[in-house]
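Trainee: Taking full-length UniProt numbering, the leading residue of the sequence shown gets 1, the next gets one more, and so forth. Glycine is no exception: its CB is placed at the ideal position from the N, C-alpha and C atoms. This is the structure I want to talk about, given as structure tokens.
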Amino acid sequence: MDRTVSSFHHSLYHSLVHLRFSKAESSSPPIRRLLLLGFQGSGKTATLNTILSQKKNPPDSSQTDQQHWVDILNWRLLIIDTPGWKLESEDATDETDSENQQSVIDQCSPGPHALLLVVPIGVPFTEHHWQGLWSRVRALGAGIWRHAMVLFTCADQLPQDMGVEEFIVDGGAALQRLVERCGCRYHALDNTCSDKSAQVAELLQKVEEMVQENQGWFFEMVRPSLGFGDEETDNERDEDRGTEVERTAAMFRSPPRELRVLLVGWRGAGKSSAGNLLLGCRVFESGRPTEVSVRRQALVAGRRLTVVDTPGWDWFSVQRTPSNIRKEIKLGAGLLHPGPHALLLVIPVVSTLTPKKRQALKSHLEMFGEEACQHTLVLFSCGDWLYGTSIEDHIQRDGGELLKLMQHCWNCYHVLDCTKANKDKSQVTELLRKIEEMVAENGQKPFLPVKLNQELDEEETSGRCILQ
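Shown next, in the form of structure tokens:
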């Protein structure tokens, strides 16, 4: 377990997208100013401590109780913790809030690159919360939402079979309105987790992507004004009061911003090469056996795509797959908590599928439970070997075993040609579309919930994950 988790964190750190920074900051780590905002008890200080726990530099003597400089990964961060808002008061123009706003502006000069709006998962986000948050955030200046992200705390309180996306859907119109206002940018933190490096690295990567969307600009906050309020603001507030049906449809009609996929299959099937093609860069080492599960991420066609490559299993029998390999594959599924949206079963088109091989594939998939087939898409690699033959004709000519496998996997399949990686981007976007269709068809079970049991001694013998 320790070896795999260590490998995961190592791979995540070194797989961060090589982001473009301004010329002025190219010779030194780019400075990013982060502002934590939220109601009292939302978990802002716990979030601050989680981020600071990853610092690699000694304490800065210039730091204050609210202002913290820290070096993490490729960034020089200034993190500002702010006094929590009182829910009883929605008015952001009272004297106390104005004084706090002035203090924030002074500490965060010349302005924050990101505003992290901290929302605890264990507390319902009501219309009262939304109105209080809206009035205070909007008072900081127009255009602020382009620099805002929702940061959910208490992620440990999410049910094992629920992801953040499902929590937002179930959270009601006020929470959906907030997430939508922030451009559907969000992240969830578990501040109780013993090893926080991976989730902090992912948060900072999302922040950097938002900064790049804003062409590197920070947000210049306005000075507090007790006379705040104008016709434009009233109109914007009215626009925010759309019906729940319209807002839900607008927010969730578009493709999900995050997809989690697990690459599984035989040894030498081409899983690592397929993962590189999906992410658009060489992040998995291909050409040699994968020994540990490795997680990589990238922005692909407007989605944050998380891919885990796993060691290959035996071609003919699950019993012939070593127990340590089965354990490694299950640990790989755990790296996609709360579970993968899709299991990509990689099969080379040049291979012949016999009854014994098909049964071995089915038995290996059963490591993930009886419902694994509903989340499995057969991904044919080496598509160039089709030589113009359609994948449908290839399936028909195989002699029936591929047809049986297709039926077992609900006829979800796709073919990749790695030789066209630089010429044909549509094959990847088409695959993502098929995954999203599968997610939609699974309805109330959009992903395969996997609870990683760290005590896997007994599970090694049976080869099963603990599923909820």
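In terms of alpha-carbon separation, which member of I121, R326, A269 lies closest to I168?
Mentor: When each option's Cα is compared against that of I168, the closest is I121.
Trainee: Considering only the alpha carbon of each residue, which of R177, D156, F218 lies closest to Q199?
Mentor: Considering only alpha carbons, the answer is D156.
Trainee: Can the beta-carbon of I325 be found less than 8 Å from the beta-carbon of W315?
Mentor: Going by C-beta atoms, I325 is not nearer than 8 Å to W315.
Trainee: Once you ignore the five residues that flank T306 on each side, which residues in its own chain have a CB closer than 8 Å to its CB?
Mentor: Result list for T306: E258, L259, R260, V261, R295, R296, Q297, L336, in chain order.
Trainee: Check whether the segment 365 to 384 touches the segment 411 to 423, counting contact only when three or more Cβ pairs, one atom from each stretch, lie closer than 8 Å.
Mentor: Yes, since at least three Cβ pairs between the segment 365 to 384 and the segment 411 to 423 fall closer than 8 Å, the two stretches touch.
Trainee: Counting along the chain, where does the beta strand (DSSP E) carrying P355 start and finish?
Mentor: Element bounds for P355: not the beta strand (DSSP E) but the alpha helix (DSSP H), 355 to 365.
Trainee: Assuming V428 contacts C382 under a Cβ cut-off of 8 Å, what Cβ separation, rounded to an integer in Å, is found between them?
Mentor: Rounded, the Cβ-Cβ distance is 16 Å, inconsistent with contact.
Trainee: Could you work out which residue in H113, A142, V439, M438 is closest to M149 when comparing CA atoms only?
Mentor: The option with the nearest alpha carbon to M149 is H113.
Trainee: Between Q107, Q67, L431, which has its C-alpha nearest A274's C-alpha?
Mentor: Measuring from the Cα of A274, the nearest candidate turns out to be L431.
Trainee: Work out the CA separation of D393 and Y387 for me, nearest whole Å.
Mentor: Spanning the two alpha carbons is a distance of roughly 12 Å.
Trainee: Pull up the DSSP beta-bridge partners for I79, would you.
Mentor: Beta-bridge pairing links I79 to L34, H68.
Trainee: Which two residues bound the contiguous beta strand (DSSP E) that contains Q297?
Mentor: Note, Q297: beta strand (DSSP E), 294 to 300.
Trainee: Between the alpha carbons of E285 and G302, how many angstroms are there, rounded?
Mentor: Taking the straight line from one Cα to the other gives about 25 Å.
Trainee: Since M438 is in the alpha helix (DSSP H), which residue starts that stretch and which ends it?
Mentor: Where M438 is concerned, the enclosing alpha helix (DSSP H) stretches over 426 to 441.
Trainee: From H147 to N214, what does the alpha carbon distance come to, in whole angstroms?
Mentor: Distance between the alpha carbons of H147 and N214: 8 Å.
Trainee: Considering just the uninterrupted stretch of the beta strand (DSSP E) at S258, what are its terminal residues?
Mentor: With the sequence shown as reference, residue 258 is identified as Glu, and Ser is not the correct amino acid for it. Residues 258 to 265.
Trainee: By the three-class DSSP mapping on this structure, what secondary structure does F152 have?
Mentor: If DSSP states are grouped into helix, strand and coil, F152 belongs with the strands.
Trainee: Taking its Cβ as the centre, do 16 or more other Cβ atoms sit within 10 Å of H128, making it buried, or is it exposed?
Mentor: Exposed.
Trainee: Return the chain-ordered list of same chain residues with a C-beta closer than 6 Å to the C-beta of E232, the five sequence neighbours on each side being excluded.
Mentor: Model confidence at E232 stands at a pLDDT of 43, short of 50, so the residue's coordinates are unreliable; what they give is reported in the following sentence. Contacts found: none.
Trainee: Determine contact between the segment 66 to 74 and the segment 38 to 52, defined as no fewer than three beta-carbon pairs at a distance below 8 Å.
Mentor: The answer is yes - the segment 38 to 52 touches the segment 66 to 74, with three or more Cβ pairs under 8 Å.
Trainee: L73 and A201: beta carbons closer than 8 Å?
Mentor: Cβ distance < 8 Å, so L73 and A201 count as in contact.
Trainee: Return the chain-ordered list of same chain residues with a C-beta closer than 7 Å to the C-beta of G265, the five sequence neighbours on each side being excluded.
Mentor: Here the set comprises K271, G312, L345, V346, I347.
Trainee: Compute the Euclidean distance between the alpha carbons of V300 and E88, then round it to the nearest angstrom.
Mentor: V300 and E88: Cα-Cα distance of roughly 42 Å.
Trainee: Leaving aside the five residues before and after H408 along the sequence, list all residues of the same chain whose C-beta is less than 7 Å from its C-beta, in chain order.
Mentor: Excluding positions up to five away in sequence, the list reads K362, C373.
Trainee: Shortest alpha-carbon distance to R267 belongs to which of P322, R181, P446?
Mentor: Measuring from the Cα of R267, the nearest candidate turns out to be P322.
Trainee: Since L277 and L353 are thought to touch, with beta carbons under 8 Å apart, how far apart are those beta carbons, to the nearest angstrom?
Mentor: Not a contact, Cβ separation roughly 22 Å.
Trainee: Looking at the structure shown, is I121 part of a helix, part of a strand, or coil, going by DSSP?
Mentor: Three-state DSSP puts I121 in coil, outside helix and strand.
Trainee: Under 8 Å between the Cβ atoms of F219 and L175?
Mentor: It is not a contact, given that the beta carbons lie outside the stated cut-off.
Trainee: Closer than 6 Å by C-beta to K356: which residues in its own chain qualify, once you throw out the five before and the five after it? Chain order, please.
Mentor: F316.
Trainee: Under three-state DSSP, which class holds L416?
Mentor: L416: coil per DSSP, three-state reduction.
Trainee: When you measure from the CB of P83 to every non-hydrogen atom of the ligand ADP, does any distance come out below 7 Å?
Mentor: In the structure on display, the ligand ADP does not appear, and there are no ligands present to speak of.
Trainee: Any idea what DSSP makes of V207, helix, strand or coil?
Mentor: Helix at V207.
Trainee: On the DSSP letters alone, give me the boundaries of the beta strand (DSSP E) that S381 sits inside.
Mentor: First-last of the beta strand (DSSP E) with S381: 376 to 381.
Trainee: Secondary structure at L140, three-state DSSP: helix, strand or coil?
Mentor: Three-state DSSP puts L140 in coil, outside helix and strand.
Trainee: Take the Cβ of R288 as the centre, count every other Cβ of all protein chains shown within 10 Å, and call the residue buried at 16 or more, exposed below.
Mentor: Classification of R288: exposed, given that the 10 Å Cβ count is below 16.
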